[in-house]
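Trainee: So the mapping is simple: this note's numbering equals the position in the sequence shown, first residue as 1, plus 395.
The beta carbon of each residue, even a glycine, is placed where N, CA and C say it ideally should be.
What follows is a single structure, and I will ask about it in a moment.
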Amino acid sequence: MSRASFWAARRRDERGAYAVMFALLATALFGLAALGVDLGNLYQRKAETQSQADLAATSAAAKLTVSQAAAVQSAADYLNHNLKAGQDAISASQLTDGDLGNGEVTFPSKYAMKVVTPGATVNFGLSVPLTGNSSTDVASSATVGLGTPAADHLIPFYAVFGEGCDYGAQTLSDPANGHVQSIVPTNLQSPASNSSQTTNSVLDHATPYQFDVGVTGTVTIEGSGLSGVTTVGFYRKTSESPNIYEVPATSASSSQVTATLPAGVAGAAGVWWIRVYKNTGNKGWTALDNALPIRIGDGPIMCPGTSDAGNYGMLKLARSTQPSTWAPDNIASGLDPPLSLTVQTNTAQIPECTPGAANVVYTATTGGATRYPNTNCVDTDTGLTAQVATQGLVTGTGTGKVGRLELHPTTTAVAGRECSPGHVTRQRQLLGHSVNDDTLSCFMANPAMTLADIASPTYSGGPALDPEIYNSPRFCYVPVISVDPTSGGSGHYSITDIRPCFITSEANESSYNTQLFTDGTPSTTMNGTDIQSNRVVSMHVVFFNKNALPADGAAEAGVILDPNGPLVPVLSD
């Protein structure tokens, strides 16, 4: 055979092999194509049932505030009106029969529900020889919870119900601010001697009004009718120890008295109250309501609106970081998940609660402790110091968190409105930082409506605020407890309510049309943050009724803050 004939015969033999290989490969390729088509149908049906689960859960979530049965029926109604190919109609009873094949609704918690859709049958076609299956069922699930809009705006303070600091415009101030205080504690310790005598001397102010802890020095008391003063007394409330020191006056004139600050006073942080005693003329101690406050250490920010001045304080709320950073970080950025707060449902645990009792959720305030969602039993702190407030609100914290009010531009709540005092848009400059300058009246839907209208426990007029309020860093929530910890003793306290608030100096009578401020005019107000000695020494807020809040807004995923306020559904998976 010639060489040419040999190669010709060889090519004819290879053409036969190619034909066999092509037939085998074509069969595999057609099978893969068929599998791709069936998988495409499967993924499409999965996407359809996932959308079905999401919408069934979110549409039924609103019924959770009615009853779980109502939520189940709502989910069944949605599923039946939106059946997917390959699904059979379903009843509410089937959703609670424990059979996942025909759909199911379960409740991870009181205000959360999980919806599993009925199986949707997907029939396979040409891929059956490859898979061995002619069909499969596809189902999806969705879990939804009811969340409070802007729940991450909770600040770590507390108000006390019925004590005058839980509604309306309040000045949460350092009581030792260098000015005469018209309200002093009614349980202030009495002088050790001659306590029944009262002089008509008048005390105006003390200088300095603040001493660092452990630092003694001379305090100068100015006023009138002070000639003959021999003794200066320093007093705490009877519930606080130590609570009394009396020292000789080092000098006295008709308008001024000086004394050396006792070491015992300098060593006990907090607020002390000064009275003086004179032994000539109109003898006796200055009147109780004329006692002057001085402060040792950083000042607690309190509400001075009632007799005890301790009814607006700070909560001790744990984070994953060191305890020394908890307070400023909680002010700056809200709580550290999974910690969230809600109201106590066990009335037997009000006002004080016992960790471990039925329906009591308590998060310990020790480093590394587990943080629990829906905590309703809390610890109070010793007081919000001026430095902590300054860091959390303005200058930023030691862990790198930006101050709550910084880097948030002023919001236009309603088209055409400007939100800063005086109806302008601006960034206020505080301690070298540019901070938000919103006012609450800017978010009032009715520009003639006053803050007093919504700052009432009896307000029932429905939503009165624009949803943009939820985007303002000055909007806040504060837990309410029902006993003043000062009089209630040390312990754990149940949250009985959640009160919405806004950081501003606006007065109760203020409206958008007529802006009024408790600390000046629109051009002079500090709008909620008073600065002295490079520190925030007082904060002004307005507490208002939750009925005035708009129902729409973005909720923080997984957070159920206030079941009695506006709630929106939040998908968590």
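Going by DSSP, what residue range makes up the alpha helix (DSSP H) through ASN725?
Mentor: ASN725 -> alpha helix (DSSP H) spans 721-728.
Trainee: Near ALA949, which residues of its chain fall below 6 Å by C-beta distance, leaving aside the five closest residues on each side in sequence?
Mentor: Excluding sequence neighbours, ALA949 sits near nothing in its chain.
Trainee: Which same chain residues, not among the five before or five after ALA503, have their C-beta less than 7 Å away from its C-beta?
Mentor: Before going on, a small fix: residue 503 reads as Pro here, not Ala. So the list reads LYS509, THR538, once near-sequence residues are dropped.
Trainee: Once the 5 residues before and after ALA644 are set aside, which same chain residues still bring their CB inside 8 Å of it?
Mentor: Cβ neighbours of ALA644 beyond the five flanking positions: VAL624, THR625, THR626, VAL627, VAL652, THR653, ALA654, VAL671.
Trainee: Could you check what DSSP says for ASP449 in three-state terms: helix, strand or coil?
Mentor: Helix, per DSSP.
Trainee: Between the C-alpha atoms of GLN592 and ALA682, what's the straight-line distance to the nearest angstrom?
Mentor: Taking the straight line joining both Cα atoms gives about 9 Å.
Trainee: Can you list, in chain order, the residues of its chain whose CB lies under 6 Å from that of THR516, leaving out five sequence neighbours each side?
Mentor: Within the same chain, THR516 has close Cβ partners GLY481, SER530, ASP532.
Trainee: Exposed or buried, PRO688, counting other C-beta atoms within 10 Å across all chains shown (16 or more means buried)?
Mentor: Result: buried.
Trainee: Out of curiosity, what's the CA-to-CA distance linking PRO858 and SER488?
Mentor: Each residue's alpha carbon lies about 37 Å from the other.
Trainee: DSSP three-state call for SER469: helix, strand or coil?
Mentor: Three-state result, SER469: helix.
Trainee: Please specify which runs of the alpha helix (DSSP H), each continuous and at least 4 residues long, are wholly inside the region 769-824, giving them in chain order.
Mentor: Fully enclosed alpha helix (DSSP H) runs of 4 or longer: 781-785.
Trainee: From the DSSP output, in three-state form, read off LEU710 for me.
Mentor: It is a strand residue.
Trainee: Please go through the same chain and pick out, in chain order, the residues whose beta-carbon is closer than 6 Å to the beta-carbon of SER900, but skip the five residues on each side of it.
Mentor: Excluding positions up to five away in sequence, the list reads PHE912, THR913, ASP914, THR920, ASN922, GLY923, HIS935.
Trainee: Can we say the region 829-844 touches the region 541-553, given the rule of at least three CB pairs closer than 8 Å?
Mentor: Too few Cβ pairs lie closer than 8 Å, so no.
Trainee: Taking C-beta to C-beta, are ALA507 and ILE955 nearer than 9 Å?
Mentor: Yes; because the gap between Cβ atoms is below 9 Å, this pair is in contact.
Trainee: Please list the terminal residues of the continuous beta strand (DSSP E) segment that includes ALA554.
Mentor: From DSSP, the beta strand (DSSP E) with ALA554 extends over 552-555.
Trainee: Where does ASN940 land, buried or exposed, given buried means 16+ other C-beta within 10 angstroms?
Mentor: Label assigned to ASN940: buried.
Trainee: Kindly list the residues whose CB is nearer than 8 Å to the CB of GLN786, restricted to its own chain and excluding five residues on each side of it in sequence; keep chain order.
Mentor: Hits under 8 Å: PRO723, ILE726, ALA727, THR792, GLY793, GLY798.
Trainee: Kindly provide the ranges of any alpha helix (DSSP H) runs that are 4 or more residues long and lie completely inside the region 597-665, ordered along the chain.
Mentor: Listed in chain order, the complete alpha helix (DSSP H) runs (minimum 4 residues) inside the region 597-665 are 658-661.
Trainee: Indicate whether GLN447 and LYS458 have their beta-carbon atoms separated by less than 9 Å.
Mentor: Their beta carbons are not under 9 Å apart, which means GLN447 does not touch LYS458 by this criterion.
Trainee: Can you check which of these residues, ASN436, VAL789, CYS814, is closest to LEU802 by C-alpha distance?
Mentor: Considering only alpha carbons, the answer is VAL789.
Trainee: Can you check which of these residues, ALA946, PHE606, ASN677, is closest to ASN589 by C-alpha distance?
Mentor: That would be ASN677, whose Cα lies nearest to the Cα of ASN589.
Trainee: Could you tell me the distance, in whole angstroms, from the CA atom of LEU800 to the CA atom of VAL809?
Mentor: Rounded to the nearest angstrom, the two C-alpha atoms are 21 Å apart.
Trainee: Along the chain, where does the beta strand (DSSP E) that runs through ILE898 open and close?
Mentor: Looking at the DSSP string, the run of the beta strand (DSSP E) that includes ILE898 is 892-898.
Trainee: Around the Cβ of SER969, are there at least 16 other Cβ atoms within 10 angstroms (buried) or fewer (exposed)?
Mentor: What the structure shows of the chain is the stretch from 396 to 968, and residue 969 is not part of that stretch, so it cannot be assessed.
Trainee: Drop a sphere of 10 angstroms on the beta-carbon of SER918, count the other beta-carbons inside from all chains shown, and report buried for 16 or more, exposed for fewer.
Mentor: It is exposed - the Cβ of SER918 has fewer than 16 other Cβ atoms within 10 Å.
Trainee: Going by alpha carbons, who is nearest to SER596 out of PRO804, TRP680, LEU825?
Mentor: Cα-wise, what sits closest to SER596 is TRP680.
Trainee: Sorry if obvious, but does the Cβ on GLY915 come closer than 8 Å to a heavy atom of the ligand FMN?
Mentor: As for the ligand FMN, it is missing from this structure, which has no ligand bound.
Trainee: I'd like the list of long-range same chain contacts for GLY493, defined as Cβ closer than 8 Å, with 5 residues on each side in sequence excluded.
Mentor: Answer for GLY493: GLU499, listed in chain order.
Trainee: Might you give, ordered along the chain, the residues of its own chain that have their beta carbon closer than 7 Å to the beta carbon of ASP731, omitting 5 neighbours on each side?
Mentor: Within the same chain, ASP731 has close Cβ partners ARG714, SER715, ARG766.
Trainee: Rounded to whole angstroms, what is the Cα-Cα separation between LEU583 and THR615?
Mentor: Taking the straight line joining both Cα atoms gives about 21 Å.
Trainee: Does the distance from the CB of ILE864 to the CB of PHE897 come in under 9 Å?
Mentor: Yes, the Cβ-Cβ distance between ILE864 and PHE897 is below 9 Å.
Trainee: In three-state DSSP terms, what is ILE443?
Mentor: Note that residue 443 is Glu in the sequence shown here, rather than Ile. Note: GLU443 maps to helix in three-state DSSP.
Trainee: Could you give the C-beta distance for ASN741 and VAL756, rounded to a whole number, given that I count them as a contact under 8 Å?
Mentor: About 10 Å; that fails the 8 Å criterion.
Trainee: Between SER536 and SER735, what straight-line distance do the alpha-carbon atoms span, to the nearest angstrom?
Mentor: Roughly 25 Å separates the two Cα atoms.
Trainee: By alpha-carbon positions, which one of ASN638, THR613, LEU474, ILE639 ends up nearest to SER646?
Mentor: Nearest option by C-alpha distance: THR613.
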